[in-house]
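**Q** With the first sequence counted from 1, adding 8 to any position gets you the numbering used here. We put the beta carbon where it would ideally sit given N, CA and C, even for glycine. Note that the structure is a prediction, hence the values are computed from the model and not measured. Structure in structure tokens, see below.
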Amino acid sequence: MSKRIADLLFPNIDKTPEFYENKYPAREGAGRVTRFAPSPTGFLHIGGLYTSLINRLIAKQSGGAFYLRIEDTDQKRLVENGVVDIITALKQFEVEFDEGPYDEVNEHGAYAPYRQSLRKEIYQAYAKQLVTDGKAYPCFCTEEDLQNIRAEQEKDGSGTLGYCGKWARCRDLTDEQIEAELSAGKPFVVRLRSEGEAGKMREFADGIHGAVSMPENILDIVITKQDGLPTYHFAHAIDDHLMHSTDIIRADEWLSSLPIHVQLFEMLGFNVPNYYHLSPIMKLDGTSRRKLSKRKDPEARVSFYRETGYPVKAVIDYLLTICSAKFEPWRAENPSADSLDFTLDLADTGVSGAMFDFDKLDNIAKNVIGAMTDDEIFAAVLAWATEFAPDFAAFINSDKDYFMRSIPIWHEKRLDIKKWSEVAQLYPYMYNKQYDTSACEMPERMADRKADAKEILEMYLASYDPAADSDAWFANVKSIAEQKGYCIKMGQYKKNPDAFPGSVADVSMFLRVAITGQANTPDLYKIIKLIGDEEAEKRIKNYIEKIK
RNA sequence: GGCCCGAUGGUCAAGAGGUUAAGACACCACCCUUUCACGGUGGUAUCCCGGGUUCAAUUCCCGGUCGGGUCACCA
């Protein structure tokens, strides 16, 4: 192989690897350099958020750098606005970059460009050098050729599969043959001339799995595709070298290509970075577990959490909880600390792939919301509703004071809400001023006491004192109970329920259902004071009507 | 199928050659209580299977089973 062939293959490439080595010098400082490198193929997956969060954490806690690199070498899969979608989604979850694209065209950072489609000449300069050095060669095999090779290999039964050894037909083409193919205008890919030895095992270091023993790569993998763009493997080696990534933290699915990547780094003369392969987030599907699927599982999309209104902090905390068992105790000791201040040791990361657990997320979310102030909640609910529930937003805006006053009713000393979509849904009697309770049924145990219900509600209306405070109000409820012969001491009632026609709890329940339409609510007195005496009275009257 | 990774309650998991095998979520009971929620107390439930090493194995080793990943000119 020769310089001449290399020139023929890449006639327009005049830069050498040395040029780029000089252009992109090593970074200052000893911090760790990490990156998130997604393909802009649509929405952000929860696993992508997970990975980026961890990368961000590692860079930040070491005083290093974290950058975004767009892997857009597959022209077929590109999606319009794919880059902006990713950046926006990440930003919504507080993942920000030190370097990388801002939007579809602009970017910042000393190692630009950060879009692989813009780095074509860089990859080609290295590919050209590899060809010159005899470490790579052009391959003219068609898809059909490849299929035939595969078919023969399967028949042959030797167990080898793929473009390698004697099957690699273009590996030993002479310069003359190559020139002939080229002048015939045949398209080509460039393949690495693998130096791996068949069957030879080797240990590869992984910061999460430890030493992983795998066979050396013997495949002559494609490094440059027919369209001149690099494959993932090649771009990874070139970019992470030139951008000086120190730690490659990525999804588990890459573990099996580690031999290829290490080989690439070594043949290119690069230092091999530290690798960490993160376990995927799983889903329990019936009795089997599988990876969260974009198509089947709404929770796979990061946008799902915003739409349903989980607080961003809850999602972040949940992801970190999955990531390291040390996070929860840390959070317990530092309840209000920024999640990014957690010091993560990748060695503590689980190796088996956590099942996504909504119960746990909900629990974290409840506590996050519980710790918020009423003002913060007001802002968060309004922001959520404005984007995802315009009717509810209009309601809030129509009477901000009313909504503000309602928050402590369900927030004070309570953990009722896990996500903002539950607010209007859980308390229709507060947030729907035309709410009609008359169709709502009493709990089953009280359903046959219609006469009592009617009478009690009428007694209540007759004795209602708008000026009464909470205690006086409840004293009145008790007195109604007493007049009806209902037990007013719950302890006593529970010991001997058959001795009474009912209890104060039942009286309260008649009122609760008449006023709210529900059997379970926060403090009734507060609700009445929020919706107003008149509204409460109106609902009770309607309810009495219905009882007939 | 080849190669790789993994397996501790329902879920997330700590853990060490000898432990009453942590903790969190969920669940259940009780207390508190006008419902629910909150809070409190207590509870049910786990080391995948078979060999080997050892005085001793859930822990180390080897098999198996099961689950996951990967075998592209996709990333």
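Would you tell me roughly how many angstroms separate the C-alpha atoms of H269 and F278, rounded to the nearest one?
**A** 11 Å
**Q** Name the DSSP bridge partner or partners of R123?
**A** I78
**Q** Give the C-beta separation of R298 and M290 to the nearest angstrom, bearing in mind that I take them to be a contact with Cβ-Cβ under 8 Å.
**A** 6 Å
**Q** If I'm right that Y75 touches M251 with Cβ under 8 Å, what's the distance once you round it to whole angstroms?
**A** With a Cβ gap of about 7 Å, Y75 and M251 count as contacting.
**Q** What are the boundary residues of the alpha helix (DSSP H) that S446 is part of?
**A** Looking at the DSSP string, S446 is not in any alpha helix (DSSP H), and its letter there is neither H nor E.
**Q** Please state whether DSSP places A73 in a helix, a strand or coil.
**A** The answer is strand: DSSP assigns A73 an E or B state.
**Q** Going by DSSP, name the residue or residues bridged to A219.
**A** Paired residues: A213.
**Q** Which value, in whole angstroms, describes the spacing of the CA atoms of A73 and A544?
**A** 59 Å
**Q** So who's on the other strand from P146, going by DSSP bridges?
**A** V198
**Q** Where does D7 land, buried or exposed, given buried means 16+ other C-beta within 10 angstroms?
**A** No information on residue 7 is available, as it lies outside the stretch 9 to 556 that the chain covers here.
**Q** Return the Cβ separation of A243 and Q124 in integer angstroms, given the expectation that the two are a contact with Cβ distance under 8 Å.
**A** 5 Å
**Q** Out of E205, A144, K408, which one is the CA nearest neighbour of L181?
**A** If we check each option's Cα against that of L181, A144 comes out closest.
**Q** Return the bridge partner residues of N225 from the DSSP annotation.
**A** DSSP lists no partner for N225.
**Q** Would you mind stating whether Y122 and I78 have Cβ atoms separated by less than 8 Å?
**A** yes
**Q** Determine the contact status of V512 and A489, defining contact as a CB-CB distance below 8 Å.
**A** Yes. Within cutoff.
**Q** Does the distance from the C-beta atom of S332 to that of D356 stay below 8 Å?
**A** yes
**Q** Only counting the same chain, and skipping five residues up and downstream in sequence, which positions put a Cβ closer than 8 Å to that of K208?
**A** P223, E224
**Q** Is the beta carbon of T445 less than 8 Å from the beta carbon of R339?
**A** no
**Q** So what does DSSP say about V359, is it helix, strand or coil?
**A** coil
**Q** Are Y326 and K427 touching if we call contact CB-CB under 8 Å?
**A** no
**Q** With N282 as the anchor, note down where its beta strand (DSSP E) starts and where it stops.
**A** Run containing N282: 282 to 286, per the beta strand (DSSP E) assignment.
**Q** Under 8 Å between the Cβ atoms of D4 and I417?
**A** No answer is possible for residue 4: the residues shown for the chain start at 9 and end at 556.
**Q** Which stretch, first to last residue, makes up the beta strand (DSSP E) that contains I257?
**A** Segment 255 to 259, the beta strand (DSSP E) holding I257.
**Q** What residue range does the alpha helix (DSSP H) around T316 cover?
**A** 311 to 316
**Q** Can you find the residues in the same chain that come closer than 6 Å, C-beta to C-beta, to I372, ignoring five residues on each side of it along the sequence?
**A** Cβ contact annotation for I372 (same chain, cutoff 6 Å, sequence separation greater than five): A322, D325, Y326, in chain order.
**Q** Assign F44 to one of three DSSP states: helix, strand, or coil.
**A** strand
**Q** Starting from L190 and walking both ways along the alpha helix (DSSP H), at which residues does that stretch end?
**A** 183 to 191
**Q** Kindly indicate which three-state DSSP category C172 falls into: helix, strand or coil?
**A** coil
**Q** Would you identify the three-state DSSP class for G108, choosing helix, strand or coil?
**A** strand
**Q** Rounded to a whole number of angstroms, what is the C-alpha to C-alpha distance between V458 and N375?
**A** According to the sequence as given, residue 458 is Lys; it is not Val. Spanning the two alpha carbons is a distance of roughly 40 Å.
**Q** Does the Cβ of Q271 have 16 or more other Cβ atoms within 10 Å, making it buried, or fewer, making it exposed?
**A** buried
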